[in-house]
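Each remark here refers to the structure printed beneath this line.
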Amino acid sequence: MEVDDGDIHLIGGQCGECGETGFPRQNTCRRCGADRIATVRLAQRGVLWSWTIQRFPPPSPPYVPSGDEFEPFGVGYVELPGQVIVEARLTESNPDALRIGMPMRVTALQVPTEEGGSATTFAFAPIEEGELG
Numbered sequence: 001m002e003v004d005d006g007d008i009h010l011i012g013g014q015c016g017e018c019g020e021t022g023f024p025r026q027n028t029c030r031r032c033g034a035d036r037i038a039t040v041r042l043a044q045r046g047v048l049w050s051w052t053i054q055r056f057p058p059p060s061p062p063y064v065p066s067g068d069e070f071e072p073f074g075v076g077y078v079e080l081p082g083q084v085i086v087e088a089r090l091t092e093s094n095p096d097a098l099r100i101g102m103p104m105r106v107t108a109l110q111v112p113t114e115e116g117g118s119a120t121t122f123a124f125a126p127i128e129e130g131e132l133g
């Protein structure tokens, strides 16, 4: 992940042999095994491919509050056009507000660390009607 003028960019890898794009970037192609992988910025917008609500705390921190502080959160697969499907946290956790095929954009998400601080990671947020342009 890179941050450029406040914009979040996910970093993937594109195979120089077969053209497959993967995320996160790896040193070999998941499709053909080639090791000629170019670093590419992934699209910042995509569509929600599938989703669920995580209703119980994962087995270990960091990244979510534990115990009574835990709140359910959305997890989804977002298809970035012509590139790859990315699994990520969603900023929306209301099932009535999520639908397959809805437009999404990558955004920053603050998550707790084991030391009691916070770290920045990425998530996907629904694109509001006024943002579609």
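Heads up, the sequence shown is in full-length UniProt numbering, so the first residue is 1 and it goes up one at a time.
Glycine included, every Cβ here is placed at the ideal spot set by N, Cα and C.
**Message:** With three or more C-beta pairs closer than 8 angstroms as the rule, is the segment 89-107 touching the segment 117-126?
**Reply:** Enough Cβ pairs lie closer than 8 angstroms, so yes.
**Prompt:** Which residue's Cα is closest to the Cα of A38: Q54, C15, Q110?
**Reply:** Ranking the options by Cα distance to A38, first place goes to C15.
**Request:** Go to C29, then tell me how far its beta strand (DSSP E) extends in each direction, as first and last residue.
**Result:** Premise fails: C29 is in no beta strand (DSSP E) and is neither H nor E.
**Request:** Indicate whether at least one CB of chain C lies closer than 9 angstroms to the CB of G74.
**Result:** In summary, chain C is missing from the structure at hand, where a single protein chain is found.
**Q83 burial status per 10 Å Cβ neighbour count (16 or more: buried)** = buried
**Request:** Consult DSSP for A38 and reduce its assignment to one of helix, strand or coil.
**Result:** Looking at A38 - three-state DSSP - the assignment turns out to be strand.
**Request:** Output the residue ranges of the beta strand (DSSP E) runs that lie fully inside the UniProt domain "ChsH2 C-terminal OB-fold" (40-107) and measure 3 residues or longer, sorted by chain position.
**Result:** Secondary structure within the UniProt domain "ChsH2 C-terminal OB-fold" (40-107): the beta strand (DSSP E) runs of 3 or more consecutive residues, fully enclosed, are 45-54, 73-80, 84-90 (chain order).
**Asked** Near S66, which residues of its chain fall below 7 angstroms by C-beta distance, leaving aside the five closest residues on each side in sequence?
**Response** P57
**Item:** P24 - containing beta strand (DSSP E), residue span
**Value:** Taken as a continuous stretch (DSSP letters only), P24 belongs to no beta strand (DSSP E), as it is neither H nor E.
**Item:** Touching by the beta-carbon criterion (3+ pairs, under 8 angstroms), the segment 25-32 and the segment 74-91
**Value:** The segment 74-91 and the segment 25-32 do not touch, with fewer than three beta-carbon pairs separated by less than 8 angstroms.
**Request:** Would you check if the distance between the CB atom of P72 and the CB atom of S93 is smaller than 9 angstroms?
**Result:** yes
**Request:** Indicate the three-state DSSP secondary structure (helix, strand or coil) for E129 in the structure shown.
**Result:** helix
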